[in-house]
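Under our numbering, residues 987 to 1101 are what the sequence shown spells out, in order.
A virtual CB, placed ideally from N, CA and C, is assigned to each residue, including glycine.
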Amino acid sequence: VQLQASGGGLVQTGGSLSISCAVNGITERTYRMGWYRQAPGKQRELVVVVSSGGVTDYAESAKDRFAASRDDNKRMLVLQMNSLKPDDTAVYYCNVNSPYRGNFWGQGTQVTVSS
């Protein structure tokens, strides 16, 4: 299983950014997908997870600003981030958790929000 993240970059406070994760090497749909982030000097934290049934669970910091979209046909997870703040600056990691194959991480994509 391979995860390829794309998007990210530099944006000003209040701006928007979209990041995507493409999953290869998995055919079944019984896996959970999510985005996590890790800021410098901090532990990796959950941003959002989407179950195989489409149930979405956001971190409190992401609610009302971020929107995750899962497309099982394309095997992609897109995170639309709005009203970005400097505190959102981090490396964002895509995650797939499969009950049959295990837990997998993408390579990470940098999101930087300037003040």
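The beta carbons of threonine 999 and lysine 1071 sit closer together than 8 Å. Looking at the backbone, the Cα of valine 997 and that of phenylalanine 1052 are separated by about 15 Å.
By the neighbour-count definition (other C-beta atoms within 10 Å, threshold 16), asparagine 1081 is a buried residue. Non-local C-beta neighbours of tyrosine 1044 in its own chain, meaning closer than 8 Å and more than five positions away in sequence, comprise Val1033, Val1034, Phe1052, Ala1054, ordered along the chain. In the three-state reduction of the DSSP assignment, aspartate 1074 falls in the helix class, which pools H, G and I. Residue pairing by DSSP places threonine 1016 in no beta bridge whatsoever. With respect to glycine 1088, alanine 991 sits apart: the two C-beta atoms are not nearer than 8 Å.
Per DSSP, the unbroken beta strand (DSSP E) holding asparagine 1010 starts and ends at 1003-1010. In this structure, the CA atom of threonine 1075 is about 26 Å from the CA atom of valine 1041. Close CB contacts of glycine 1011 within its chain, under the 7 Å cut and outside five residues either way in sequence, are with Val987, Gln988 (chain order). The three-state reading of DSSP puts alanine 1025 in coil, since its state is none of H, G, I, E or B.
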